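**Student:** First, the structure itself, so that you have it in front of you.
Protein chains: 2
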Amino acid sequence: MKNKTIGFVGLGRMGANMARCLNEKGYTVTALFDINRSVATDLAAEVGATAYKSLVEVTANADIILTVVTNDDAMDAIFFGDDNLFTGAAGRTFINCATLTPAVHTKLEEAATKIGATCLEACMASSIPQARSGELFLMIGGHETDFNANKPLLDDLSKALHYVGAAGKASEVKALVNMVMNINTAALAEGLGIGDALGIDLKMLCDIFSQTGANSRVLETDAEDMILRDHDCYFSVSHAAKDSGIALGLAAAQGIQTPLAQATFDQYTKLTEMGKGELDKSGIAELTFKGRS
Amino acid sequence: MKNKTIGFVGLGRMGANMARCLNEKGYTVTALFDINRSVATDLAAEVGATAYKSLVEVTANADIILTVVTNDDAMDAIFFGDDNLFTGAAGRTFINCATLTPAVHTKLEEAATKIGATCLEACMASSIPQARSGELFLMIGGHETDFNANKPLLDDLSKALHYVGAAGKASEVKALVNMVMNINTAALAEGLGIGDALGIDLKMLCDIFSQTGANSRVLETDAEDMILRDHDCYFSVSHAAKDSGIALGLAAAQGIQTPLAQATFDQYTKLTEMGKGELDKSGIAELTFKGRS
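If you read the protein sequences in the order shown, they are chains A and B. Each residue of the first sequence is one higher than the last, beginning at 123 in the working numbering. Each residue of the second sequence is one higher than the last, beginning at 123 in the working numbering.
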């Protein structure tokens, strides 16, 4: 697939590092766009691409366009705004990497089909280092034929690649992954916060958690950060609130009671309202350690 | 330590299997007691011990007595009731294995010291097969000298043995382990319940959970049971409610807000009130899968 030209829209730390990764692997990254134009200009110089002032120029100058924007509204703006990616997009492939409300992907696929373009949803369950090294965990939704056609590129971005089902299904799975992860993170913050207040050695407590039914992936990734108050952001509090909110919406539509997801959403929303939305998700411990807030 | 005689009080599935284990390893199990007398009689025949009708006879006929009862009230009854284990207990060692409110262990240690007896708390974070095979995860609270004096026996019961601190500290740690485990279990039940309602393949969903931030020990132990509604009891709903309740008490005493622990306690309490307290903790999925309750 290295004869295809690649565009990127949304050059936050994930998008920028995916672009660097593909460039390094020999892809021709031609077209970049970010609402913060200097970010696009800097990256364009780094990878030998052009930073365009409009989205329609990105479509004009790339065969495959990866979008890595923040939320549903941003997605709506880049595909259905006055200046948009669908203009002149026949034959183009869009790989949409934001975590969105699942219905957005269905709508995008329908609109793309009408104009002869292709959309795939690519939900990522990894972070910045994996974006840079091409070792993302990717879940793909859309037509399976489109998945297969783009598999070499998706493989170059990922260490684990799952075709999940129709458009929207990958976002559903991603929302559930993050919902469960966020709850487990909130649980850990409560356990460590109480342990700290009781004067229990937290290193020993983590060691015991790791050997028992309390073990979890977030124990490995977040416990030390919670203890040391090292909340440099890999996955932000505000993203955690957003993703738990998406899952709550799915649950409500199905009439399922999810009090744990709700309590976790409330905690992350509270932190965001306290102005701590840009902390890492481990920052939830700021609410559960005595004397921290 | 195999020259010491061993007694057991409380012959539920944990206590009975610990007695079988020590018998098999060459200890002399002499004295058994259970409020269900036929349980004690049957086990006595199996391990060559005597089933006594009173607690005072257990103390009279064993050097080391392991108590494995259900809760604080039962503990109070066997040590401070009319017929009790402390009568004539000078020189005896009690190893108390129930998950109790931490303060109960402090009270027991004080009372034991006055009469020249020894108490250790031994909190278990494992289940029936580990009790049978002597591969428990044990956390010990009490005087460190008493821990060292009884270490050979404790080693024979356990695969992992941790001396945690003064009397009560092991129960605190155990309560936190189970609190976090219960929250993670409730989280998993919500994730799988929503996934099921959305028509997502749950085997694939579990596979994805296991490779991402949603991974946890309870994913390994409880996911399949939740999907198959196989709620044969290893750790009951009512025990989950009890242990989460102990943790909530610790948090409240420290002035820490723990909304996740509270929501989990509420779910397990609700199940108990629905008459499902004897299901395994995986039974919480009965509340989150569409059409199950």
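Glycine residues also receive a C-beta, built at the ideal position from the N, C-alpha and C atoms. Note that the coordinates shown come from a computational prediction; the quantities given were computed from them, not determined experimentally.
Quick one, are the C-beta atoms of A:Ile-322 and B:Lys-291 less than 8 Å apart?
**Tutor:** Taking 8 Å as the Cβ cut-off, A:Ile-322 and B:Lys-291 qualify as a contacting pair.
**Student:** So if DSSP puts A:His-284 in a beta bridge, which residue, or which two residues, is it bridged to?
**Tutor:** Bridge partners of A:His-284: A:Met-261.
**Student:** Determine the chain B residues that contact A:Val-151 at a beta-carbon separation under 8 Å, and present them in chain order.
**Tutor:** Correct list: empty, because the minimum Cβ distance to chain B is about 28 Å.
**Student:** When Cβ atoms are compared, which residues of the segment 346–370 of chain A fall closer than 7 Å to chain B?
**Tutor:** Cβ contacts with chain B come from Ala-369.
**Student:** Determine contact between the segment 124–140 of chain B and the segment 178–198 of chain B, defined as no fewer than three beta-carbon pairs at a distance below 8 Å.
**Tutor:** Yes: at least three Cβ pairs fall under 8 Å.
**Student:** Pick from A:Leu-144, A:Ser-366, A:Ala-225 and A:Thr-394: whose alpha carbon is nearest that of A:Pro-381?
**Tutor:** The residue with the shortest Cα to Cα distance from A:Pro-381 is A:Ser-366.
**Student:** Once you ignore the five residues that flank A:Ser-176 on each side, which residues in its own chain have a CB closer than 7 Å to its CB?
**Tutor:** So the list reads Asp-205, once near-sequence residues are dropped.
**Student:** Keeping to the same chain, check which residues put their C-beta closer than 7 Å to that of A:Phe-411; ignore five residues upstream and five downstream.
**Tutor:** Excluding sequence neighbours, A:Phe-411 sits near Gly-315 and Asp-318.
**Student:** Give the secondary structure of A:Ala-289 by DSSP, where H, G and I count as helix, E and B as strand, and everything else as coil.
**Tutor:** Three-state DSSP puts A:Ala-289 in coil, outside helix and strand.
**Student:** May I have the straight-line CA-CA distance separating B:Ile-378 from B:Ser-293, to the nearest angstrom?
**Tutor:** C-alpha separation (whole angstroms): 18 Å.
**Student:** Can you tell me whether DSSP reads B:Val-151 as helix, strand or coil?
**Tutor:** Three-state DSSP puts B:Val-151 in a strand.
**Student:** What residue range does the beta strand (DSSP E) around B:Glu-243 cover?
**Tutor:** Here the beta strand (DSSP E) through B:Glu-243 covers 240–246.
**Student:** For the segment 254–266 of chain A and the segment 136–150 of chain A, state whether three or more C-beta atom pairs, one from each stretch, are separated by less than 8 Å.
**Tutor:** They touch, by the three-pair rule.
**Student:** Contact defined as beta carbons within less than 8 Å: I believe A:Gly-264 pairs with A:Ala-289. What is the distance between those atoms, to the nearest angstrom?
**Tutor:** Yes, A:Gly-264 and A:Ala-289 are in contact; Cβ-Cβ is about 5 Å, under 8 Å.
**Student:** Please name the residue in A:Asp-277, A:Gly-170, A:Thr-334 and A:Val-161 whose C-alpha comes closest to that of A:Gln-252.
**Tutor:** Taking only the C-alpha atoms, the option nearest A:Gln-252 is A:Asp-277.
**Student:** Buried or exposed, going by whether 16 or more other CB atoms sit within 10 Å of the CB of A:Thr-394?
**Tutor:** A:Thr-394 is buried by the Cβ-count criterion.
**Student:** So if DSSP puts A:Arg-130 in a beta bridge, which residue, or which two residues, is it bridged to?
**Tutor:** One point to set straight first is that residue 130 of chain A is Phe, not Arg, in the sequence displayed. Answer is A:Leu-154 and A:Leu-188, bridged to A:Phe-130.
**Student:** So, is B:Glu-243 buried or exposed, given that buried needs 16 or more other C-beta atoms within 10 angstroms?
**Tutor:** Per the 10 Å Cβ criterion, buried.
**Student:** Under 8 Å between the Cβ atoms of A:Leu-310 and A:Leu-350?
**Tutor:** Going by C-beta atoms, A:Leu-310 is not nearer than 8 Å to A:Leu-350.
**Student:** Could you pull out every unbroken alpha helix (DSSP H) segment of at least 4 residues lying fully inside the segment 316–382 of chain B, listed in chain order?
**Tutor:** 324–332, 339–350 and 359–375, all fully within the segment 316–382 of chain B.
**Student:** Going by other Cβ atoms of all chains shown within 10 Å of its Cβ, with 16 needed for buried, is A:Asp-354 buried or exposed?
**Tutor:** The residue is exposed, with fewer than 16 neighbouring Cβ atoms inside 10 Å.
**Student:** State the CB to CB distance for the pair A:Val-180 and A:Leu-207, rounded to an integer number of angstroms; the pair is presumed to be in contact (CB under 8 Å).
**Tutor:** At roughly 7 Å, the Cβ-Cβ gap stays under 8 Å, so A:Val-180 and A:Leu-207 are in contact.
**Student:** Give a yes or no on whether 8 Å exceeds the smallest Cβ distance from A:Lys-412 to chain B.
**Tutor:** Yes, because at least one Cβ of chain B sits closer than 8 Å to the Cβ of A:Lys-412.
**Student:** State the Cα-Cα distance for the pair A:Lys-126 and A:Lys-273, rounded to the nearest angstrom.
**Tutor:** For A:Lys-126 and A:Lys-273, the distance between alpha carbons rounds to 13 Å.
**Student:** Is the separation between the beta-carbon of B:Met-348 and that of B:Ser-404 shorter than 8 Å?
**Tutor:** Contact flag set, yes.
**Student:** Would you call the CB atoms of A:Tyr-174 and A:Ala-199 closer than 8 Å?
**Tutor:** Not closer than 8 Å, so no.
**Student:** CA-CA distance, B:Ile-406 and A:Asp-185?
**Tutor:** Each residue's alpha carbon lies about 49 Å from the other.
**Student:** Does the distance from the C-beta atom of B:Ile-128 to that of B:Thr-223 stay below 8 Å?
**Tutor:** Their beta carbons are not under 8 Å apart, which means B:Ile-128 does not touch B:Thr-223 by this criterion.
**Student:** Taking beta-carbon pairs under 7 Å, can you tell me which members of the segment 328–339 of chain B lie near chain A?
**Tutor:** Listed in sequence order: Ile-330, Phe-331, Gln-333, Thr-334, Gly-335, Ala-336, Asn-337, Ser-338 and Arg-339.
**Student:** Following the continuous beta strand (DSSP E) through B:Thr-215, name the residue where it begins and the one where it ends.
**Tutor:** Here the beta strand (DSSP E) through B:Thr-215 covers 215–218.
**Student:** From this set, B:Ala-212, B:Ala-171, B:His-227 and B:Asn-183, which residue's C-alpha is nearest B:Met-197's C-alpha?
**Tutor:** The shortest Cα separation from B:Met-197 among B:Ala-212, B:Ala-171, B:His-227 and B:Asn-183 belongs to B:His-227.
**Student:** Residues in its own chain within less than 7 Å of B:Ala-374 by CB, not counting five upstream and five downstream?
**Tutor:** If we look at B:Ala-374 and ignore the five residues flanking it on each side, it has no Cβ neighbours.
**Student:** Evaluate B:Asn-218 with the Cβ neighbour count: other Cβ atoms within 10 Å of its Cβ, from every protein chain shown; 16 or more gives buried, anything less gives exposed.
**Tutor:** With 16 or more Cβ atoms within 10 Å of its Cβ, B:Asn-218 is classed as buried.
**Student:** In angstroms with no decimal places, state the Cα-to-Cα distance between B:Met-246 and A:Leu-372.
**Tutor:** Their backbone Cα atoms lie some 38 Å apart in a straight line.
**Student:** Any idea which residues DSSP pairs B:Thr-172 with across the strands?
**Tutor:** Its beta-bridge partners are B:Ala-153.
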